[in-house]
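Asks: Protein chains in written order, with the numbering used here: chain A, 818 to 982; chain B, 563 to 1057.
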Amino acid sequence: MIPEEHAEAMQRAVDGDVQTAYGQYLKGCDILSIASLRDNTHVQPQLREEDVQAAYGKHFTKSLFAAAKLLRELTGIGPSEQTVQEGYRISFEGAYYTDVRDLKELTGIAPIMDESMEKAVQKGYERCVNFSNCAAIAKKMKNLSNIAPSENLLKKHPKLAEALK
Amino acid sequence: MVWEYAAEHVEKLDEKQKEKVEKLRAKYPQIRMDYAVAIALRLDDKDWDIFETPPSEFPGMKEARKRLADSNLGNYDKPDFKFEVFGEKAEKAEVAEGPKEIDYVVLNRCVETLIGKTAARKNPKTGEDEEIFVPGELAKGYMKAAGLEELPQLDPAQFASKEELAAAKKEWNRKANEMNARNMKRRAEAAEKVYREYETILKDARNGNVSADNANYLVHHLKSDHMEVRDKAAQVLKDAKNAVPFEGLMEGEVLPEIWKRDPSVDLSYTNVDFGAKTEKGEKSFSEFFCCAFLGGCNEEAAADYFRLGSISMLDFPTYEDGVKIRHVRAITGVCVEREKDGKLSRMTYMLVDSAEGSDRIDPAIVHVGTLQYTLGSGFDGVVFNSHVTNNTPEKFNDFLKKRKVQTGKKRLEAIYSADGGKRYLEYFGGWNFPAGDAEGYVIEGRDPMAQEAYDVCFERKWIKQAKKVLEVSGIAPSPELLKKYKIDPKELDEK
């Protein structure tokens, strides 16, 4: 039996181990393990805001929106405006239109179409020229961003202009 | 068998692995060559630290020791925990019979046959007297595995004329002579290596002043290191077994012990399946029939266990033909219990994750040995993992089932050093943070554990073991048990 006078220190020590494990799992984007560990120990994750935001960033980059949702449920910390906008920027840049849609659905935050976001959208258009279903993707990008490809881009890639007619 | 494995696999070693083998054999001469080869093949660079770092210096070990002390389990994993010898002979005789003194005549015959002997001769060139080493069977094994070169035979059909063939034969003979010289040098070096390795003990044995420990080391290692055990060598080894006193343990007896937390010991002396062929036809290496030890699919867990202060092992070895064979190894861990709100219940449990190995050891021995250790270390209860996959742990669990040990569900957490990593314990589902709900055979409370141990001991008439239970627990057998087995309590008091 753990002596009464050591009980508190032991509790702190084993809870500390669980928190350390949460931290490691978060770094590895292993959110399911965080959930399983919380269920097994009933120790609530106490994670640092900046670590959680960094994890959201990784999740958005890797299109792991279901895990990001679970992360929000587990930690009670949502992605910050900055993290979400960065997520949009990456999604537009890569012409990942489904990610733009999922990100909006997950966070309820709309993309702010400032100069940097506009650049990202143009990069996305340029990227989607290489895809066989360029027309469909370009149309989705246009609908989601409300930004058309630049004139320079249309001149450079007549295929894109044709697709958006 | 051993050398066949080593010779076969030594070619697979790259330069780095060969260096590891050399280093290992230099640091731990008692490690068998086959194990050194197997370890070099199996252990990654990241796991090599277990040979380089004393266990007490592993990160987190200090913290683990502190937690063990704080949880009242400071006795856990201390090699000085003494068990009683299990077995019929041990019960009947206070002191196990065995040779009291070394029989040097038999020992030297064994040494000469296996390692080799020195002989005096006149140097044919100088005419001076000199001493030469005549290799024995073991040395010949080393020489055989020394990586000798071979020259392919000439095919006369490939030569257009007799002149060409003659020229090729001349060249072949020149090359063969050079190669033979190199091979002889290698063989001599291999024999020299064997001689140097055993030189001190060999000379002491010849002079009749070898220590019992060294004689034991010699005989046991010769047996385990030896390639062929079916010929003359086998007979001299059998004789040598009776030529030196060995720890008072007799054939058929089992002496449970706590592992040494020393990879050079704990990763050897085991019941291996050398020679077993895999599906691909290759010879396999497996420390145990268990995925968490060397040769298994989760073998990195074996190295990991050395670094974890609250993981330990209980070994159940016997002696066979003078060689110590570890038949069963039980992986144990220190666990605390959590309530539903995450608070610790203050109860400490020993988790027996699985008792792996062969089924040659009576499960009752593993059961009573484990209970003695659990009680002696100060645990409040024991949980035997019921989610096991191998044959031996399954048989052990069948034994617990037949004994009607209660099954239950416990929310346990192993108290590890605080690095937060995933650890391999089957109880918690394999590679996981070691915490969770799991079902197993549970004995809760010190009195129930002691009574369970007494019940098995009395049933099998193991009075010495029952005395040990009394000694380590301080709990007397219940009157019901004494009555059931007609045991006079005075029997337990007798020394």
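A virtual CB, placed ideally from N, CA and C, is assigned to each residue, including glycine.
Which runs of the alpha helix (DSSP H) fall wholly inside the region 918 to 989 of chain B and span at least 4 residues, in chain order?
Replies: Here the runs fully enclosed are 925 to 939, 953 to 964.
Asks: Would you identify the three-state DSSP class for B/I820, choosing helix, strand or coil?
Replies: Three-state result, B/I820: strand.
Asks: Is the region 946 to 957 of chain B close to the region 905 to 923 of chain B, with three or more CB pairs under 8 Å?
Replies: Yes, they touch.
Asks: So the alpha helix (DSSP H) A/N857 belongs to, where does it begin and stop?
Replies: 848 to 858 is the span of the alpha helix (DSSP H), which, as asked, contains A/N857.
Asks: Have a look at B/K732, B/M705, B/Y704, B/K702 and flag the residue whose alpha-carbon is nearest the alpha-carbon of B/Q715.
Replies: If we check each option's Cα against that of B/Q715, B/K732 comes out closest.
Asks: B/G1002 bridges to which residues according to DSSP?
Replies: Note: B/G1002 sits in a beta bridge opposite B/N947, B/G970.
Asks: Pop quiz: B/A926 and B/V1018 are said to be a contact at Cβ under 8 Å. What is the actual Cβ separation, rounded to whole angstroms?
Replies: Yes, they are in contact, since the Cβ atoms of B/A926 and B/V1018 sit about 5 Å apart, within 8 Å.
Asks: Rank B/H889, B/Y911, B/G770, B/M741 by C-alpha distance to the C-alpha of B/S920 and give the top, closest one.
Replies: For B/S920, the nearest C-alpha among the options comes from B/H889.
Asks: Less than 8 Å between CB atoms is the rule here; does B/K905 satisfy it with respect to chain A?
Replies: By this cut-off, B/K905 is an interface position.
Asks: Kindly identify the DSSP beta-bridge partner or partners of B/K684.
Replies: Looking at the DSSP assignment, B/K684 forms a beta bridge with B/D691.
Asks: Quick check: the region 899 to 908 of chain B against the region 866 to 883 of chain B, are at least 3 beta-carbon pairs closer than 8 Å?
Replies: Touching, no.
Asks: Touching or not, the region 929 to 937 of chain A and the region 895 to 909 of chain A, by the rule of three or more beta carbon pairs under 8 Å?
Replies: Counting Cβ pairs under 8 Å, three or more are found: they touch.
Asks: Please report whether the beta-carbon of A/P820 lies at a distance below 8 Å from any beta-carbon of chain B.
Replies: A/P820 counts as touching chain B.
Asks: Spatial neighbours of A/V946 within its chain, please: CB distance less than 7 Å, with the 5 preceding and 5 following residues excluded, ordered by chain position.
Replies: The residues are H974, K976, L977.
Asks: How is B/V890 classed by DSSP in three states: helix, strand or coil?
Replies: Here B/V890 sits in strand by DSSP.
Asks: Counting only Cβ pairs nearer than 7 Å, list the residues of chain B close to A/D931.
Replies: Correct list: empty, because the minimum Cβ distance to chain B is about 40 Å.
Asks: Can you name the start and end residues of the beta strand (DSSP E) that B/G992 belongs to?
Replies: That run of the beta strand (DSSP E) goes 992 to 994.
Asks: Report yes if the C-beta distance between B/A602 and B/L870 is below 8 Å; otherwise report no.
Replies: Not a contact, by the Cβ cut-off of 8 Å.
Asks: Decide if B/M875 is buried, meaning its Cβ has at least 16 other Cβ atoms within 10 Å, or exposed.
Replies: Buried: at least 16 other Cβ atoms inside 10 Å.
Asks: Give the straight-line distance between the Cα atoms of B/K1052 and B/L1044, rounded to the nearest whole angstrom.
Replies: In a straight line, the C-alpha of B/K1052 is about 11 Å away from that of B/L1044.
Asks: Rounded to whole angstroms, what's the CA-CA distance from B/D965 to B/K957? Just pull it up for me.
Replies: Here residue 965 of chain B turns out to be Arg, not Asp, going by the sequence shown. Computed Cα separation, rounded: 12 Å.
Asks: Using DSSP bridges, identify the partner residues of B/V896.
Replies: According to DSSP, which records beta bridges pairwise, B/V896 is partnered with B/M912.
Asks: Quick check on the DSSP output: the alpha helix (DSSP H) that includes A/S933 runs from which residue to which?
Replies: First-last of the alpha helix (DSSP H) with A/S933: 932 to 945.
Asks: On the three-pair Cβ rule with 8 Å, is the region 972 to 985 of chain B touching the region 613 to 631 of chain B?
Replies: A contact exists between the region 972 to 985 of chain B and the region 613 to 631 of chain B.
Asks: Is it right to say A/A830 is buried, meaning 16 or more other beta carbons lie within 10 angstroms of its own, or is it exposed?
Replies: Per the 10 Å Cβ criterion, buried.
Asks: Using the three-state DSSP reduction, which class does B/G873 fall into: helix, strand or coil?
Replies: At residue 873 of chain B the sequence reads Ile, which differs from the Gly that was named. In this structure, B/I873 counts as strand in the three-state DSSP scheme.
Asks: Would you mind telling me which residues of chain A sit closer than 9 Å to B/A626, beta carbon to beta carbon, in chain order?
Replies: Residues of chain A passing the Cβ test: none, with the nearest at roughly 10 Å.
Asks: Among A/N950, A/A937, A/K982, which has the Cα closest to the Cα of A/L971?
Replies: Selected option, being the one with the closest Cα: A/K982.
Asks: When the distance is taken between beta carbons, is B/A753 closer than 8 Å to B/A701?
Replies: Yes.
Asks: Is the CB of B/M789 under 8 Å away from at least one CB in chain A?
Replies: Residue placement at B/M789 is poorly supported in this model, since its pLDDT is 43, which falls under 50; the coordinates still yield a value, given next. So, not an interface residue.
Asks: Would you say the region 815 to 832 of chain B touches the region 640 to 649 of chain B, given that touching needs at least three Cβ pairs under 8 Å?
Replies: Touching, yes.
Asks: Is it buried or exposed, B/Q968, if we count other Cβ atoms within 10 angstroms and call 16 or more buried?
Replies: So B/Q968 counts as exposed.
Asks: Assuming A/K940 contacts A/E910 (C-beta within less than 8 Å), just tell me the rounded distance between them.
Replies: Going by Cβ atoms, the distance from A/K940 to A/E910 rounds to 5 Å, so yes, they are a contact pair.
Asks: Run down chain E in chain order and give the residues with a C-beta less than 9 Å from the C-beta of A/A830.
Replies: Here the protein chains are A and B, and chain E is not one of them.
Asks: Kindly list, in the order they appear in chain B, the residues whose Cβ is closer than 9 Å to that of A/N960.
Replies: The contacting residues do not exist; A/N960 stays about 44 Å from chain B at best.
Asks: Taking beta-carbon pairs under 7 Å, can you tell me which members of the region 984 to 1009 of chain B lie near chain A?
Replies: The region 984 to 1009 of chain B vs chain A, Cβ under 7 Å: F995, A997, G998, D999.
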